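Asks: Chains as they are written, first to last, in the working numbering: chain A, 1 to 384; chain B, 1001 to 1348; chain C, 2001 to 2130.
Please see the structure below; I have some questions.
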Amino acid sequence: MRDVAVIGVGMTKWGELWEKSLRSIFVESALLAIQDAGVEKIDSMVVGCMSSGLFIGQEHLASLLSDSLARNPVPATRVESACSSGGLALRQGFIEVASGLSDVVLVGGVEKMTDVTGSEATYALGTAADQEYEGYHGLTFPGLYAMMAVAHMNRYGTTRDQLSMVAVKNHDNGSKNPLAQFPSRISVEAVNNSVQVADPLRILDCSPITDGAAAVILCPADMAAKMKKPVIRITGTGHASDTIALSSRKDITWLESTALAARKALAMAGRKIEDIHLFEVHDCFTIAEIMITEALGLAERGRGGRAVEEGLTSIKGKHPVNPSGGLKAKGHPVGATGVAQAVEVVKQLRGEAGDRQIKGARCGLTQNMGGTGGSALVHVFERE
Amino acid sequence: MPGIIGYGAYIPRHRIKVEEIAKVWGADAPSYKKGLLLEEKSVPAPDQDTITMSVEASKSALKRAGINPRDIGAVYIGSESHPYAVKPSGTVLAEALGATPDVHTADLEFACKAGTEGMFIALSLVQAGAVTYGLAVGADTSQGAPGDALEYSAAAGAAAFIFGRDRMVAEVLETYSYTTDMPDFWRREYQYYPQHGGRFTGDPAYFKHVTGAARGLLAKAKMKPSDFDFVIFHQPNGKFPLRVGELLGFDKKQIEPGWLVPKLGNTYSGSSPLGLTAVLDIARPGQKIMLVSYGSGAGSDGFVFRVTDRIDEVRDLAPKTRDLLDRNKVYLEYGAYAKFRRKIRKAS
Amino acid sequence: MPTPSRYWREIPQRYRLEAEKCRGCGRILFPPRLVCPECGRQEFEPTKLAESGALLTYTIIRVAPAGFEDQSPYAVGIAEMDDGVRLTAQVVDCDFSRLQVGLRVKLEFRKMHEDGEAGVIHYGYKFVPE
Chain A
1 MRDVAVIGVG
11 MTKWGELWEK
21 SLRSIFVESA
31 LLAIQDAGVE
41 KIDSMVVGCM
51 SSGLFIGQEH
61 LASLLSDSLA
71 RNPVPATRVE
81 SACSSGGLAL
91 RQGFIEVASG
101 LSDVVLVGGV
111 EKMTDVTGSE
121 ATYALGTAAD
131 QEYEGYHGLT
141 FPGLYAMMAV
151 AHMNRYGTTR
161 DQLSMVAVKN
171 HDNGSKNPLA
181 QFPSRISVEA
191 VNNSVQVADP
201 LRILDCSPIT
211 DGAAAVILCP
221 ADMAAKMKKP
231 VIRITGTGHA
241 SDTIALSSRK
251 DITWLESTAL
261 AARKALAMAG
271 RKIEDIHLFE
281 VHDCFTIAEI
291 MITEALGLAE
301 RGRGGRAVEE
311 GLTSIKGKHP
321 VNPSGGLKAK
331 GHPVGATGVA
341 QAVEVVKQLR
351 GEAGDRQIKG
361 ARCGLTQNMG
371 GTGGSALVHV
381 FERE
Chain B
1001 MPGIIGYGAY
1011 IPRHRIKVEE
1021 IAKVWGADAP
1031 SYKKGLLLEE
1041 KSVPAPDQDT
1051 ITMSVEASKS
1061 ALKRAGINPR
1071 DIGAVYIGSE
1081 SHPYAVKPSG
1091 TVLAEALGAT
1101 PDVHTADLEF
1111 ACKAGTEGMF
1121 IALSLVQAGA
1131 VTYGLAVGAD
1141 TSQGAPGDAL
1151 EYSAAAGAAA
1161 FIFGRDRMVA
1171 EVLETYSYTT
1181 DMPDFWRREY
1191 QYYPQHGGRF
1201 TGDPAYFKHV
1211 TGAARGLLAK
1221 AKMKPSDFDF
1231 VIFHQPNGKF
1241 PLRVGELLGF
1251 DKKQIEPGWL
1261 VPKLGNTYSG
1271 SSPLGLTAVL
1281 DIARPGQKIM
1291 LVSYGSGAGS
1301 DGFVFRVTDR
1311 IDEVRDLAPK
1321 TRDLLDRNKV
1331 YLEYGAYAKF
1341 RRKIRKAS
Chain C
2001 MPTPSRYWRE
2011 IPQRYRLEAE
2021 KCRGCGRILF
2031 PPRLVCPECG
2041 RQEFEPTKLA
2051 ESGALLTYTI
2061 IRVAPAGFED
2071 QSPYAVGIAE
2081 MDDGVRLTAQ
2091 VVDCDFSRLQ
2101 VGLRVKLEFR
2111 KMHEDGEAGV
2121 IHYGYKFVPE
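As structure tokens, then:
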């Protein structure tokens, strides 16, 4: 397998982009990435998108986007893995370059979520769960994660305040991210008193509905070496699946697919978790970040709440998590998230993260998750 | 004759008091309570309907019958609130119990006597040897128009009876039905609430048919009121069954064990059937029960039962009627009641 | 909202809790599958689920998905039934203050939702306190 590098990143501001269609959102980010990479030819495109079908009635997305980008006849692939569609696209792009099949691959992620009502968006997101045995009973995603939170709080004593601290931390970080949907700080009180969604989760525990896209350009590492920017390689990729339904999980307080995917990615990179300087993880809900912290091994099982309370995962902490603001502050256009995580890590490793910069960052990890953990994608990035 | 081999009841746990309804419409609660001998009624939750209650009551009946549901050859639900206008309720019940596919099903309707109608048909099929076991359910979630007298009493509940020749808990000794055409209470297709003839629903309707059926039944069975330990009449309100019992020569002690309406309301097709399950819950072997239902339009079905020894073995195998009636009650305010009963007009 | 055929296909599970027991390892699978996730065997014998259990977790849904708005707020939980099988279902006829991990529950046949005023009515099971 060849070594794979990321030579370009592109992302525009995320939010409720009423004036922009899915195709224009995608193309803008893709063009930025292509420009950043300084390449002319693209050999292949991989796009992550959870459900253009349910959100805008559009399938055959790969064809639409290669066309919109004026890159026909480039081979284009759309992949779907619910909220980890972006991470999956990254892995597929990596495989194409590593295998030698393609040299320059555009990896993008996009989601346009505001052309439907809130209720329809909730339904579309809910299709990541087991439709016949979870959705049928009226469960929503906040409901599923709320059940994980209740079990986690019951078994380990995780507190309401600790959940809120995750949101506060991510908003602190997001307030420094000009591309974030909600670049504003919030308080623990504000989270604790926000509208109830599914007990114990409140609206400020939940990532928002967002329109947005992100893109990266991958190429073989020796091609990247000829360019002026520092070479950022993807040194590890890990992918694992778990039961789709929460009730089938062996332990509903533990994210096994994340733990497995991380082990595989780190093994491939020849790294231990302690070697990583920053983490971009899937905080679709505050409790998710707490559980991911444990699954990655940054905190012992059950102590993820304690970790955020003690500042372990703040931007100045021992294991900075979500310097971009995470899904909570940055936004969560579902298919784009996994790619945006890569964009942040690459910027950090290049030293281009502005006020969010983690000093001396040379090694970063992204963790992207689908549904309640039915799928997980972990990637390790390193600067030479 | 064959008889009941298993019985079951289901009553939802929500209630609303007469005072709460009267408050909203500016009516005089004490006079309604006194006039109807009614205090409160059961209210179905939004996720309960004739079908769901029939399933739960039938499961209890199955527990007491102790038979394989595949051996049930006929399933009838009698109701005036079947969830669909076209699509049977009985098939859902038959499927839920595991009686399908070797089963005959029909939905029945005859105002409040649809339940006993099903009982009559199931019994007759067993008697004819056409089926081994037949299930009949009387269940309703009927509505009373807002502000109308019926709103105080229209309630929800279900009673299920499995008929057979062996394993009886109550043998049927005699049956008799009395029917005439009579526009005392009706609901036209596409109308949401029924209409009725006010006081016309009393003497010429309820009383004429109940007494007609009772006297016909007693004559056919060659029995008199004092031969019975219990008598159950259809209970549209608390007063009518007491008055008709008195007219026929029964005394209050025979009527009270099956007289549920003051705390339950009128469960329409479930009304006299639930009175019967309440009586079976306490009856002793050898005791005799008379049941006379009433359905507007109009008609009455009468049955004479004799309780067997097996009642003592099965009584405790499923929830008892009075426990369902008296325990775990949740009282609703009129707003929640109106929401539950879909009386609030919503955006389409 | 399931289409009529999607709803009908699951009736044996939704109405009668029909499950399967793996002939290899004895694990009870609900709903039934073609391959046992525990041991990989593909031979099963029919069985029915236990109807009582205890809550492992729960939540109260206050922002409901389409079709469930009129039911909101409602409780949902995952219970481990007495035969070891885990089920997800709403918890009804239960004051929210009674909800806790470990609450004993049993199954009751209820209406799940309707496809609008003119569509099919969907039935299934919910938990009630034991």
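Just so it is clear, CB atoms sit at the ideal spot from N, CA and C, and this is done for glycine as well.
Fair warning: this is a prediction, and the values are worked out from it, not measured in the lab.
1. List, in order along the chain, the chain C residues whose C-beta lies closer than 7 Å to that of A/Pro208?
2. Where A/Val9 and A/Ala37 are concerned, what is the direct C-alpha to C-alpha distance, given to the nearest angstrom?
3. How about B/Gly1134 and B/Gly1202: do their beta carbons lie closer than 8 Å?
4. Mind pulling the chain C residues with CB within less than 9 Å of A/Asp43?
5. Enumerate in chain order the residues of its own chain whose CB-to-CB distance from B/Gly1147 is below 7 Å, with the five nearest sequence positions on each side excluded.
6. Return the CA-CA distance between B/Leu1053 and B/Ala1158, expressed in angstroms with no decimal places.
7. Run down chain C in chain order and give the residues with a C-beta less than 9 Å from the C-beta of B/Ile1016.
8. Using a cut-off of 9 Å between C-beta atoms, extract the partners of A/Thr122 located in chain C.
9. Roughly how many whole angstroms lie between the Cα atoms of A/Ile42 and A/Gly93?
10. Determine the direct distance from the alpha carbon of B/Ala1139 to that of B/Leu1247, and round the result to whole angstroms.
11. DSSP beta-bridge partners for A/Met45?
12. Between B/Asp1140 and chain C, is any beta-carbon pair separated by less than 8 Å?
13. Using a Cβ-Cβ cutoff of 7 Å, what residues of the segment 1160 to 1174 of chain B are near chain C? List them in chain order.
14. Does the segment 63 to 75 of chain A touch the segment 331 to 344 of chain A, meaning 3 or more C-beta pairs lie closer than 8 Å?
15. Examine chain C for any beta-carbon lying closer than 8 Å to the beta-carbon of A/Ile358, and answer yes or no.
16. Within this structure, are the beta carbons of B/Ile1344 and B/Ala1336 separated by less than 8 Å?
17. Kindly indicate which three-state DSSP category A/Pro323 falls into: helix, strand or coil?
18. Using a Cβ-Cβ cut-off of 8 Å, state whether C/Pro2002 counts as contacting chain A.
19. So, using beta-carbon positions, are C/Val2063 and C/Val2076 closer together than 8 Å?
20. Counting only the same chain and skipping the five closest in sequence on each side, list residues whose C-beta sits under 7 Å from that of A/Ser44.
21. Going by C-alpha to C-alpha distance, which of A/Ala129, A/Asp283, A/Thr293 sits closest to A/Glu274?
22. Grab me the residues of B/Glu1174's own chain with a C-beta within less than 7 Å of its C-beta, minus the 5 sequence neighbours each way, in chain order.
23. Please list the segments of the beta strand (DSSP E) lying wholly inside the segment 2019 to 2084 of chain C, counting only runs of 3 or more residues, in order along the chain.
24. Assuming A/Gly325 contacts A/Asn154 (C-beta within less than 8 Å), just tell me the rounded distance between them.
25. I'd like to know if the segment 352 to 361 of chain A and the segment 276 to 283 of chain A are in contact, where contact means that at least 3 CB-CB pairs between them fall below 8 Å.
26. Pick from A/Val339, A/Ser187, A/Ser194, A/Lys176: whose alpha carbon is nearest that of A/Gly354?
27. State whether the segment 1292 to 1303 of chain B contacts the segment 1043 to 1060 of chain B, with contact taken as three or more CB pairs (one from each stretch) at a distance under 8 Å.
28. Please list the terminal residues of the continuous beta strand (DSSP E) segment that includes B/Thr1141.
29. Between A/His137 and chain C, is any beta-carbon pair separated by less than 8 Å?
30. Based on Cα-Cα distance, which residue from A/Val281, A/Ile234, A/Lys250 lies nearest to A/Ala267?
31. Find out if the Cβ-Cβ distance for the pair A/His152, A/Thr253 is shorter than 8 Å.
32. Between which two residues does the alpha helix (DSSP H) containing B/Met1119 stretch?
33. So with CB distances below 9 Å, who are the chain B contacts of C/Gln2071?
34. Establish whether the CB of B/Glu1040 and some CB of chain C are separated by less than 8 Å.
35. Pull up the DSSP beta-bridge partners for B/Met1001, would you.
36. Interface residues of chain C around B/Glu1095 at Cβ under 7 Å?
Replies: On the basis of the coordinates in this document:
1. Locating residue 208 of chain A in the first sequence gives position 208, counting from the first residue. Within 7 Å Cβ-Cβ: nothing; A/Pro208 doesn't reach chain C, min ~13 Å.
2. Within the first sequence, the letter at position 9 stands for residue 9 of chain A. Within the first sequence, the letter at position 37 stands for residue 37 of chain A. So the alpha carbons of these two residues sit roughly 7 Å apart.
3. Position 134 of the second sequence, counted from the first residue, corresponds to residue 1134 of chain B. Position 202 of the second sequence, counted from the first residue, corresponds to residue 1202 of chain B. No, the Cβ-Cβ distance between B/Gly1134 and B/Gly1202 is not below 8 Å.
4. Counted from its first residue, the first sequence places residue 43 of chain A at position 43. Simply none; closest approach about 38 Å.
5. Here residue 1147 of chain B corresponds to residue number 147 of the second sequence, with the count starting at 1. Trp1025.
6. If you number the second sequence from 1, residue 1053 of chain B lands on position 53. If you number the second sequence from 1, residue 1158 of chain B lands on position 158. In the sequence as displayed, the identity of residue 1053 of chain B is Met instead of Leu. Rounded to whole angstroms, B/Met1053 to B/Ala1158 spans 6 Å at the Cα level.
7. The residue you call residue 1016 of chain B lines up with position 16 of the second sequence. What B/Ile1016 touches in chain C: nothing, since even the nearest Cβ is about 16 Å away.
8. On the first sequence, position 122 is the one that residue 122 of chain A refers to. Those within 9 Å of A/Thr122 in chain C are Val2063, Ala2064, Pro2065, Ala2066.
9. In the first sequence, the residue the question calls residue 42 of chain A occupies position 42. In the first sequence, the residue the question calls residue 93 of chain A occupies position 93. Taking the straight line joining both Cα atoms gives about 12 Å.
10. Counting from 1 along the second sequence, the entry for residue 1247 of chain B is found at position 247. Counting from 1 along the second sequence, the entry for residue 1139 of chain B is found at position 139. In this model, B/Leu1247 and B/Ala1139 are separated by some 28 Å (Cα to Cα).
11. Position 45 of the first sequence, counting from 1, holds the residue named residue 45 of chain A. DSSP output for A/Met45 lists A/Ala76, A/Leu106 as bridge partner(s).
12. Taking the second sequence and counting its residues from 1, the one referred to as residue 1140 of chain B is at position 140. It does not; no Cβ of chain C falls within 8 Å.
13. none
14. Contact between the segment 331 to 344 of chain A and the segment 63 to 75 of chain A is absent, because fewer than three Cβ pairs lie under 8 Å.
15. Within the first sequence, the letter at position 358 stands for residue 358 of chain A. Residue-level contact by beta carbon fails for A/Ile358 and chain C, as no gap is shorter than 8 Å.
16. Locating residue 1344 of chain B in the second sequence gives position 344, where the first residue counts as 1. Locating residue 1336 of chain B in the second sequence gives position 336, where the first residue counts as 1. Result no, Cβ atoms of B/Ile1344 and B/Ala1336 do not sit closer than 8 Å.
17. Along the first sequence, one-based indexing puts residue 323 of chain A at 323. Reduced to three states, the DSSP call for A/Pro323 is coil.
18. Here the question's residue 2002 of chain C lines up with position 2 in the third sequence. True, the Cβ-Cβ gap to chain A drops below 8 Å.
19. Looking up residue 2063 of chain C in the third sequence gives position 63. Looking up residue 2076 of chain C in the third sequence gives position 76. Their beta carbons are not under 8 Å apart, which means C/Val2063 does not touch C/Val2076 by this criterion.
20. The residue given as residue 44 of chain A occupies position 44 in the first sequence. Within the same chain, A/Ser44 has close Cβ partners Val74, Pro75, Glu96, Ser102, Val105.
21. By one-based count along the first sequence, residue 274 of chain A stands at place 274. Taking only the C-alpha atoms, the option nearest A/Glu274 is A/Thr293.
22. Taking the first residue of the second sequence as 1, we reach residue 1174 of chain B at position 174. The residues are Leu1217, Lys1220, Ala1221, Val1304.
23. 2044 to 2048, 2052 to 2061, 2074 to 2081
24. Here the question's residue 325 of chain A lines up with position 325 in the first sequence. Here the question's residue 154 of chain A lines up with position 154 in the first sequence. That pair is no contact at about 30 Å.
25. yes
26. Within the first sequence, the letter at position 354 stands for residue 354 of chain A. When only C-alpha atoms are compared, the closest one is A/Lys176.
27. no
28. Translated into positions along the second sequence, residue 1141 of chain B becomes position 141. From DSSP, the beta strand (DSSP E) with B/Thr1141 extends over 1133 to 1141.
29. Indexing the first sequence from 1 puts residue 137 of chain A at position 137. So, interface residue.
30. On the first sequence, residue 267 of chain A is found 267 positions in, with the first residue counted as 1. Nearest option by C-alpha distance: A/Ile234.
31. Within the first sequence, residue 152 of chain A is the residue found at index 152, counting from 1. Within the first sequence, residue 253 of chain A is the residue found at index 253, counting from 1. A contact, by the Cβ cut-off of 8 Å.
32. Your numbering for residue 1119 of chain B matches position 119 in the second sequence. Its alpha helix (DSSP H) spans residues 1114 to 1128.
33. Taking the third sequence and counting its residues from 1, the one referred to as residue 2071 of chain C is at position 71. Correct list: Pro1046, Asp1047.
34. Position 40 of the second sequence, counted from the start, is the residue given in the question as residue 1040 of chain B. Output row for B/Glu1040: interface = no.
35. Here residue 1001 of chain B corresponds to residue number 1 of the second sequence, with the count starting at 1. The partner list for B/Met1001 (beta bridge, DSSP) is empty, contrary to what the question assumes.
36. Walking along the second sequence from the start, residue 1095 of chain B turns up at place 95. Correct list: Ile2011, Tyr2015.
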